[in-house]
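Novice: Structure provided below as structure tokens; questions to follow.
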Amino acid sequence: MKKIIAFAILLVGLLSCSSNTYEDIEAEPVVTTPTPGTDPVVETVSYTKNVKSIIDASCAGCHSSGGSASFLPLTSYTQVRAAVINAGLLNRIQLQNGQQGLMPQGGRMSQTNIDLIVKWNTEGLVEN
């Protein structure tokens, strides 16, 4: 029994001797290496790094100046954040093909993109 306790103390001691610096801990979001056939998982989602490109590709064509839905522009962080909070953006992108109100109108975006936007909301709608 003493050997088990001594081993456990030694193991805890060795594991606590880490050389991580503040910079290591606060590094850029880590993308895990995906298993073949799956999508990578982004650990921290931000508007600038993850969401903006999805919105630009899937929504800004209509939701910008001169677009058919220019009354609800989605060309800036503030506008997209407001659409998530006040305009039901999350509900609209999660509808299935054929359901009324689905956005984008051209067809449902990939589940990976939907999941990133939902995660962005869950994590507090971080800008950068």
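Quick note on numbering: the sequence shown equals residues -21 to -1, 1 to 107 in mature numbering (1 follows the signal peptide of the UniProt record, and there is no 0).
From the three backbone atoms N, C-alpha and C, an ideal C-beta is built for every residue, glycine too.
Everything numeric in this text was worked out from a predicted model, so none of it was measured.
Quick check on DSSP: helix, strand or coil for residue 87?
Specialist: If DSSP states are grouped into helix, strand and coil, residue 87 belongs with coil.
Novice: Quick check on DSSP: helix, strand or coil for residue 75?
Specialist: The answer is coil: DSSP assigns residue 75 none of H, G, I, E or B.
Novice: Rounding to the nearest angstrom, what Cα-Cα distance links residue 24 and residue 60 in this structure?
Specialist: Approximately 13 Å between the Cα atoms of the pair.
Novice: Leaving out five residues on either side along the sequence, give the residues of the same chain with a beta carbon under 6 Å from the beta carbon of residue 105.
Specialist: 25, listed in sequence order.
Novice: Give me the residue from 30, 41 and 83 with the minimum Cα distance to residue 57.
Specialist: Comparing Cα-Cα distances from residue 57 to each of 30, 41 and 83, the minimum goes to 30.
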